[in-house]
Amino acid sequence: RGARAPMDYYEELGLSRSATDIDINKAYRKLSLKYHPDKDDSPDAAVIFARVAEAYDVLSTSALKATFDVLGEHGLKHGAPDGRGGTKGGHYAFEVSPVSVFEKFHGTENPYSALIDVTNAFEKLGRTGSAAAPDGDNGRQRTFDVAVSLEEMHSGCVKRVSHVRKTQSVVGGAVTEETRVLTLKIPPGCEHGRRFVFENEGNSRPGVNPGPVVYVAQATKHATFHRRGDDLVFVARRSLIDGLCGTTVSLTGIDGKQLSIPVEEIVDAGSCKVVSGEGMARRAENGGGRGDLLVVFDLVFPKTLSPLQREMMRAAFFFPGKNPSKEAQKAATAFLLAANDGVKGWSTGGK
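Its first residue numbered 7, the sequence shown is counted upward by one per residue in this note's numbering.
Written out as structure tokens, the structure is:
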């Protein structure tokens, strides 16, 4: 299978790069209504609905839009060389449900409510609403989000959800309500946005069979990681001295295992260290195993340096890396002995 062509978020919304915020909002409103899964449940519409949601997520966020304008989709998500051996940008991931973007934008769970005929009002139940459509053999699809933690997506779990189904047995007759409990089997390595379809679980009325009920797995925001495919990204905030002299990154993995990652090489702001096999579980049909953990470094520079500190740093950088003279070696040794003295030294950094 060939590589997917990079997304141009402006093209996804049918816009030029000179588009204003108003243009972006208008375009998303039109396309999100057209391809909403409750209005068009075809696979192609689901793909378009997700892509326009991602495009809106980026272009409506000034920092993401600025990065995309300069670096494109690949640079926004994976970073680009900064000319100094490191990277800039990178590590954006579309981590919210397209349905939740829709609901947040429209400010209501049912933006179609004013367009639906009162006689068919019971058909519009559901958190995402549904659009009016001519009668057919099957009722309309109802779509709901279900929150799933990153740990649950990694290891798999079983979730039970409920919805209220309304049924009208005869034309003009009473509408009865029934609470239906459904079981979702979340597989290990479940993707954000995965759809679980339950046929014939929707509302019904005379001449119309119950439509499907769809639950969409929506990953909840994680305090430590964000997901990028099968990989997990962890941002390690470290001091400049750690970036230059080495450090150890300690954290709890997604599976609860304690990780201690030695960093011996010099790292730049935005540098990435790959820890193989410590990412998300990979679906069995995708080969099984696990993705990687990507440790991205965010270096904190000192806000001020005294004149003496500046001179000492300059001297350290110009100290001969190979074959220093005996005088230079002797002076450096004496300095380090004083700095590391257990009583009067100053190099412990407050540890």
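Note that CB positions come from ideal geometry on N, CA and C, so glycine has one too.
G276 versus F325: straight-line alpha-carbon distance, rounded: 27 Å
Own chain, CB closer than 6 Å to E60, minus 5 neighbours either side, in chain order: Cβ within range, chain order: F100.
CA-to-CA distance, F204 to Q147, given in whole angstroms: 10 Å
Three-state secondary structure assigned by DSSP to T149: strand
Within 8 Å, strictly: CB atoms of V64 and Y15: Going by beta carbons, V64 and Y15 fall inside the 8 Å limit.
Backbone CA spacing between L342 and S331 [nearest angstrom]: Taking the straight line from one Cα to the other gives about 16 Å.
Rounded C-alpha distance that separates G195 from K336: Spanning the two alpha carbons is a distance of roughly 57 Å.
Given 8 Å, three or more beta-carbon pairs between the region 151 to 163 and the region 187 to 194: yes
C-alpha distance - K227 paired with E333, whole-angstrom precision: 57 Å
A69 burial status per 10 Å Cβ neighbour count (16 or more: buried): exposed
Buried versus exposed, by CB contacts within 10 Å (16 or more), I30: buried
Coil, strand or helix - C325 by DSSP: Per the sequence presented here, residue 325 reads as Phe, with Cys not at that position. Coil at F325, not helix or strand.
S136 burial status per 10 Å Cβ neighbour count (16 or more: buried): Confidence is the limiting factor: at S136 the pLDDT is only 36, short of 50, which leaves the residue's position unreliable and the question unanswerable from this model.
Beta-carbon separation (whole angstroms), V269 vs G252, contact threshold 8 Å: 6 Å
Endpoints, the beta strand (DSSP E) within which H97 is located: Note, H97: premise wrong, no beta strand (DSSP E); not H, not E.
Where V222 sits in the DSSP three-state scheme: strand
Distance, I272 Cα to P313 Cα: Whole-angstrom Cα-Cα distance: 25 Å.
R244 to P87 span [Cα, whole Å]: Looking at the two C-alpha atoms, the distance is approximately 21 Å.
Segment limits, alpha helix (DSSP H) that includes T230: Taken as a continuous stretch (DSSP letters only), T230 belongs to no alpha helix (DSSP H), as it is neither H nor E.
C-alpha distance - V167 paired with R201, whole-angstrom precision: 14 Å
P43, buried or exposed, once every other Cβ within 10 Å from all chains shown has been counted against 16: buried
One or two residues paired with T254 in a DSSP bridge: Answer is P268.
Distance between P49 and A208 (C-alpha atoms, nearest Å): The amino acid occupying residue 208 in the given sequence is Gly; Ala does not appear at that position. Each residue's alpha carbon lies about 19 Å from the other.
Inter-residue Cα distance where the pair is N346 and F307: 23 Å
Separation of N329 from H97, as counted between CA atoms: 42 Å
Environment of A127 [buried if 16+ CB atoms lie within 10 Å]: Any reading at A127 must be qualified, since the residue scores a pLDDT of 40, below 50, and its modelled position is unreliable; the value itself is stated next. With fewer than 16 other Cβ atoms within 10 Å, it is exposed.
Selected residue, minimal CA-CA separation from F55, among V349, E79, R35 and V255: R35
CB contact flag (A287, S161, <8 Å): The answer is yes: Cβ separation under 8 Å.
Which listed residue (K263, G327, E158 and V181) has its alpha carbon closest to that of Q224: E158
With 16 other Cβ atoms within 10 Å as the buried cut-off, status of E18: buried
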